[in-house]
Amino acid sequence: MAVQALAPRSEPVRVMKDPLGNSFEFCYQCGLCTASCRTAFAMKYTPRQVMNLLQLGCEDEAVASGSGLLCTACYSCTFRCPRGVAVTDMMAAVQRRNLASKHADSDIRRFYRSFMRTIERHGRFHEVEFMTRYFLPNPLLLRAEFGVGLHLLTKGKISLNAPGVKNPKAIAAMFRKAEEIEGRP
Amino acid sequence: MSYLYYPGCSGTGTGRECEESIQAVMRTLGVKWTELEDWNCCGAAVATGTSYLLSLALPARNLALSEKVGSDLVTGCSRCYLNLIRAQHYIQHNANLKENVNAVLAEAGIQYSGTAQLRHLLDVIINDVGLDTVAEKVTRPLDGLQVAAYYGCCQGMWTYAQFDSTEDPTCFDRLLAALGAEVVYYPLKQACCGGTLSMSKRSVGASLIGDLLLAAIAAEADCIVTACPLCMFNLNSFQNEAGRAKGTKFNIPVLFVTQLIGLAFGLPPKTLGLQRNIVPPEPLYRKIAAGTAVSSAEAVASGLK
Amino acid sequence: MAESKNDVKIGVYVCHCGSNIAGTVDVEDLTAFAQEQGSVAVARNYKFMCSEPGQALIKKDIEELGLNRVVVASCSPRMHEPTFRRVCEDANLNPYQLDMCNIREQCSWVHKNGATAKAKALVSAAIARAFYLEALETREVPVTSAVLVVGGGIAGIQAALKVADGGRKVYLVEREPSIGGHMIQLDKTFPTLDCSACISTPKMAAVKSHPDIELMTYSEVVDVQGFVGNFRVTIRRKPRYVDESLCTGCGICQEKCPWKAESEFDCGLGQRKAIYTPFPQAVPNVPVIDPEHCVYILKDGKCGACLKFCERGAVDFSQTEKMVEIEVGAIIVATGYDLMDPSAITRLGYKRFPNVITSLEFERLCSATGPTGGHITVNGKEPKSVAIIHCVGSRDEKYHTYCSRVCCMYALKFAHLIGEKIEGAQVYQFYIDMRCYGKGFEDFYQRASSEGVTFVRGRPAQVTDFAMSPEEKGKLVVVCENTLLGRPMRVPVDMVILCPAMEARADAKEVARLFNLSQSADGFLLERHAKLEPVATANDGVFIVGCVQGPKDIPDTVAQALAGAAEALSLIDRGSVKLEAATATVNEALCHGCGRCEEICEFHAPMVRLNGRLIPVSSINEALCKGCGACAVACPTGAISIRHFTLQQILAEVEALSGVPV
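Protein chains in written order, with the numbering used here: chain Y, 8 to 192; chain G, 10 to 314; chain B, -17 to 644.
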């Protein structure tokens, strides 16, 4: 087993730009978050371990692990944390960095992007456009969804022309402004 | 009292039966509401994966729209509710955040001041309309029907904390008891169904859904009732995959809360979108029709509410 | 002898306080500035004014330069006002002609820029005030040679014994029918595994037989008047309905009584009778009758079994509540703690599952005098596996942020006791940190490790009865993350013991008010200084000892009890207390007898009386007055002024600070 060298950091970890951000500093590693987490069993690093990685400045490792993607944002951890750490938001920040990085699973990244794209263009989730964007580049995915898809279709649960907002350009402008403020490319 | 209603994106699509049954039941209860004009998607469980600010600004736009009208904003989707109240809560406690959110909202020509009043559908039914009124409208008591009340995960922090207990909510149980149903002991009542993992990571999602279904079967529930369209979708659509994950076969009906309320009200199943449920709910009808004649008003009076 | 303006000679002393002040304030500049002020005969600065050489500096100047005012610019007066007052006294200068100027806590410690300028302003204000200071006489009052100890747990018992052994009279007041507190509920105690009852009952018996201790059980303090050395306390003695002087403690009444109630002593796990002693070794060994369960009382004379069977005729239903007034010189508050009720943390299943119990309930199960005669069983079944969950409601910002201090140790003790009583039992400890800091504690931890205890580092999220595998059927499952392995875990067990936080008693607020004490942020009562005055309080003459001050184990409790006894004896042996001279005084010519001062005073110092005059006027009982100034503010005519804080003195400060003539 390789010994990890911890190099001194020149900058503190800033997982989130916003002041709500760095509550992981308060984590005393009790494990209550992970014990409450329904998907921790499938994570490479449990939520508590992710907090520890952030404390140590090893955020890249946390990001690469993909743990953030398994967070369903149920907020059980944040609710119960005895030190007031906003665990869910920390996991979301790690997830965001994962999706923006080379470590992201391409299908999952496309899932998120397709979803958000329909909101950007219509102000509301557009099922057909989403399915096109998501499944077309990898039609094999459709195989797994065949049963569900058939059900939805035959029971009238795929909306073909649900209205969006009156002024979709405004929503798109909101997206761009958020990008600008957050300094995303 | 008149409300504003925030339907959420699933109402026209995957959650269509939820939407239909909500409208039918609220009409029967005489609740006056209008759909929030020009509402936008709250960001679901996806916006946080792209942008922290957007995950707050998208719901905030809806809150701001409701502020213009001034009425309480009601939503029947637990995830929408969570997003809206999270935005409300975070922005309230952080001036810097409020500034940034409003800078984003300015692009849409609106500002959020923080006076919006947000309500959950269950809260309105149980606390505003009242369980007495609900019990009065029951024409087909659900006696003999064993129901697992699935509260869902969007709990604790904000949802049930607002109008019930954070650690151990019972509002849903009380509502079902007012309809005459027997509420079974369901220890996984607040355990997450996996949300969008059923799509993005099927193996994990199926396992979580499987746990919930197993727990319902262990409790000898005839059906599961949920208050979230995404839970509804997950628990209905992936029973086969869940079965494979747990080495068994599942076929347990999962209803949206207003579908069950509507059945107890005697509303025709088609108005409640029951024909759209992926797991056929017909076996329940027989059970309900065969129920004994203990009226729900009595159930309420005996302290079950 | 009247002083003229020109006679005032002020000495100003600026302390460096090492680098605490000198690091931020330019002390040389400040000294030069002070020297230029009016009436200042000399201004000096020194590294540590409170030290011997520093004090000698002041003394020398007073003697050689004939100073009649001293201004010390240094730390807070709460630190060293007494020190410098003594210096003045030693040099034959009245101590009230000293003015302290705080340029540390209020200046150098809170400012980076502008500290020197502020210090100059503060010093000029102090000098201006010092000019108007007057010599005041302190009074000495005698101290009553008796001590009240409130609370009969181990802290109260120990304090009472030590004071009484010092030859002083002690009143020990205890709310329950017997002394013993929580300690007598315990089975064995860490780290020595002494039987708790075996070590505490001799002390309890000693209290009973001590000629200098008056024991009042089933009694409560309801009112405290007076001040240090001179307290008047009213005690309510609740009716036992049993005559203590006649009862022999034979116990037949308890045997014959047909009415049962939940035993508070057994934490509700067992029962007692309506006429009862809480446990067999009760002191005094005289039962009480519980009016809420006694049918004779509830139903007007029905029953009466105890009356019939008592051979001594000790049962007496005619007893009523009695109020007793005592006078004491010092009060030791030792009212102990409550264990938090973990029902609020529903996910741990307390009250939902009968096999989830608290630590105190487990002590009762282990105890030979407990509801199961010392067998660890729940509903008749003995557990083969037990989980002990640490930090329930402590180290948690939702309940109590503090660490409850004793739980890690008693959890280890429990593991040992379980191993002793149940052959082959498996014990799991769910902890976050193991806190074994005391003497012999680490050895105790090591011993537990060798007795087959499994330590899982992880705070459990849930205790559930929902089985997800065959091994879990019929068991309670503890859901946690094993943080050392980084692996979520489910551990099936037969019984779960929770270690809930020790918290302040439910009526801590009322007790604080009764004795004029403060509570810390965590709800326990506040000591005067966290390090140097652990048992004294802001209220002179009242001391707090034991868990009323914060969670602690028996060794620390006894140490504090002895400290409290030392404080009380020191006060009484001194024989007298000096009263602070900075009290209120009334100019009767201006007083109209409106009574607003009486209304507003918390300490009942002003009294408005006719005193042979045409209109009533107020007069201040200086022994009770704390010099807070509320009456002076409330007085509409300005008849009341506070010595050492006169209007003239305060306005002089304002004028100096603002530069505007007042």
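Ideal placement from N, C-alpha and C gives every residue a C-beta, glycine not left out.
Check: Expressed to the nearest angstrom, what Euclidean distance is found between the alpha-carbon atoms of Ala53 (chain G) and Asp425 (chain B)?
Finding: Across the structure, Ala53 (chain G) and Asp425 (chain B) are spaced so that their CA atoms are roughly 54 Å apart.
Notebook entry, point to check: Between the region 182 to 191 of chain B and the region 120 to 139 of chain B, do three or more beta carbon pairs fall short of 8 Å?
Noted result: The count of Cβ pairs closer than 8 Å, one atom from the region 182 to 191 of chain B and one from the region 120 to 139 of chain B, reaches three, so the stretches are in contact.
Next item on the list: State the DSSP-derived secondary structure class of Thr37 (chain G), mapped to helix, strand or coil.
Entry: Residue state, collapsed to three classes: helix.
Margin query: Quick check on Thr43 (chain G) - is its C-beta less than 7 Å from some C-beta in chain Y?
Written below: No, no contact with chain Y.
Item checked: Short CB-CB distance (under 7 Å) between Phe118 (chain Y) and chain C -> You won't find chain C in this structure, because its protein chains are Y, G and B.
Notebook entry, point to check: Per DSSP, what kind of secondary structure is Pro470 (chain B) in: helix, strand or coil?
Noted result: Of the three classes helix, strand and coil, the one that applies to Pro470 (chain B) here is strand, per DSSP.
Note to self: Please identify the residue among B:Cys288, B:Phe497 and B:Tyr392 whose C-alpha is closest to the C-alpha of Cys481 (chain B).
What the structure shows: Answer by Cα proximity: B:Tyr392.
Item checked: chain G residues whose Cβ lies nearer than 7 Å to that of Gly130 (chain Y) -> Within chain G, the C-beta atoms nearer than 7 Å to that of Gly130 (chain Y) come from Asn49 and Cys50, in chain order.
Notebook entry, point to check: Between Lys284 (chain B) and His275 (chain B), what straight-line distance do the alpha-carbon atoms span, to the nearest angstrom?
Noted result: Lys284 (chain B) and His275 (chain B) have their C-alpha atoms spaced approximately 12 Å apart.
Item checked: Min CB distance Val642 (chain B) to chain Y below 7 Å -> Using a CB distance cut-off of 7 Å, Val642 (chain B) does not count as an interface residue toward chain Y.
Item checked: For Cys373 (chain B), the three-state DSSP class (helix, strand or coil) -> In the three-state reduction of the DSSP assignment, Cys373 (chain B) falls in the strand class, which pools E and B.
Note to self: What would DSSP say about Asp220 (chain G), mapped onto helix, strand or coil?
What the structure shows: Of the three classes helix, strand and coil, the one that applies to Asp220 (chain G) here is helix, per DSSP.
Note to self: Which same chain residues end up closer than 6 Å to Cys529 (chain B) when comparing Cβ atoms and leaving out the 5 residues on each side of it in sequence?
What the structure shows: Correct list, in chain order: Gly318 and Tyr319.
Item checked: Straight-line gap, Glu46 (chain B) to Thr216 (chain B) (C-alpha atoms, nearest Å) -> Answer to the nearest angstrom: the Cα atoms are 54 Å apart.
Margin query: Is Leu131 (chain G) a contact residue of the ligand GDP, with contact defined as CB to any heavy atom under 6 Å?
Written below: For the ligand GDP, the structure offers nothing, since it holds no ligand at all.
Next item on the list: Could you name the residues of chain B that Pro8 (chain G) contacts, counting a contact when the two beta carbons are closer than 7 Å?
Entry: A question about residue 8 (chain G) goes unanswered here, because the residues of chain G that appear run from 10 up to 314.
Check: Quick one: is Pro89 (chain Y) buried, meaning 16 or more other Cβ sit within 10 Å of its Cβ, or exposed?
Finding: Looking at its Cβ environment, which holds 16 or more other Cβ atoms inside 10 Å, Pro89 (chain Y) is buried.
Checklist line | Whole-angstrom C-beta distance between Met589 (chain B) and Asn569 (chain B), which should lie under 8 Å | finding: About 16 Å separates the beta carbon of Asn569 (chain B) from that of Met589 (chain B), a gap too long to meet the 8 Å contact definition.
Notebook entry, point to check: With a cut-off of 7 Å, does the C-beta of Lys176 (chain Y) fall near any C-beta of chain G?
Noted result: Nearest CB-CB separation between Lys176 (chain Y) and chain G: not below the 7 Å threshold.
Check: What runs of the alpha helix (DSSP H), each 4 residues or longer, lie entirely inside the region 469 to 524 of chain B?
Finding: As far as the region 469 to 524 of chain B is concerned, its whole alpha helix (DSSP H) runs of at least 4 residues are 490 to 496.
Note to self: Give me the chain B residues within the contact set of Gln36 (chain Y), using Cβ-Cβ distance strictly less than 7 Å, ordered along the chain.
What the structure shows: Near Gln36 (chain Y) (Cβ distances below 7 Å), the residues of chain B are Thr465.
Check: Any idea what DSSP makes of Ser43 (chain Y), helix, strand or coil?
Finding: Three-state DSSP puts Ser43 (chain Y) in a helix.
Note to self: With a threshold of 7 Å between beta carbons, is Asp177 (chain G) in contact with chain B?
What the structure shows: True, the Cβ-Cβ gap to chain B drops below 7 Å.
Next item on the list: Closer than 7 Å by beta-carbon distance: list the chain B residues that pair up with Leu39 (chain Y), in chain order.
Entry: Under the 7 Å cutoff, chain B gives Arg441 and Ala443.
Margin query: Tell me the rounded alpha-carbon separation between Phe164 (chain B) and Val92 (chain B).
Written below: Looking at the sequence provided, one finds His at residue 164 (chain B) rather than Phe. Answer to the nearest angstrom: the Cα atoms are 45 Å apart.
Checklist line | Span separating the alpha-carbon of Leu289 (chain B) from that of Ile526 (chain B) | finding: About 41 Å.
Notebook entry, point to check: What separation, rounded to the nearest whole angstrom, lies between the Cα atoms of Leu239 (chain G) and Arg88 (chain G)?
Noted result: A straight-line Cα-Cα distance of about 8 Å links Leu239 (chain G) and Arg88 (chain G).
Next item on the list: Using DSSP bridges, identify the partner residues of Ala158 (chain G).
Entry: Answer by DSSP bridge pairing, in chain order: G:Val234.
Check: For Asp320 (chain B), which beta-bridge partners are listed by DSSP?
Finding: Looking at the DSSP assignment, Asp320 (chain B) forms a beta bridge with B:Glu485.
Checklist line | For Gln411 (chain B), three-class secondary structure by DSSP | finding: Reduced to three states, the DSSP call for Gln411 (chain B) is strand.
Notebook entry, point to check: Tell me, which residues are paired with Asn2 (chain B) by DSSP?
Noted result: Paired residues: none, contrary to the question.
Notebook entry, point to check: Roughly how many angstroms lie between the CA atoms of Ala547 (chain B) and Ile314 (chain B), to the nearest whole one?
Noted result: Between the alpha carbons of Ala547 (chain B) and Ile314 (chain B) lies a distance of about 8 Å.
Checklist line | Buried versus exposed, by CB contacts within 10 Å (16 or more), Leu313 (chain G) | finding: For Leu313 (chain G), the pLDDT reaches just 40, beneath the cut-off of 50, and the residue's location in the model is therefore unreliable, leaving the point undetermined.
Checklist line | Spatial neighbours of Val309 (chain G) in its chain, beta-carbon cut-off 7 Å, leaving aside the 5 residues before and after | finding: Unreliable placement is indicated for Val309 (chain G), whose pLDDT of 48 sits below 50; the coordinate value is still reported in the next sentence. Counting only Cβ-Cβ distances below 7 Å, and skipping sequence neighbours, we find Leu140, Asp141, Ala144 and Ala187.
Next item on the list: Starting from the beta carbon of Gln56 (chain Y), find every residue of chain B whose beta carbon is closer than 8 Å, and list them in chain order.
Entry: Neighbours of Gln56 (chain Y) on chain B, chain order: Gly468.
Note to self: My parser needs the beta strand (DSSP E) runs of 3 or more residues fully inside the region 30 to 97 of chain B; what are they?
What the structure shows: Fully enclosed beta strand (DSSP E) runs of 3 or longer: 51 to 56 and 80 to 84.
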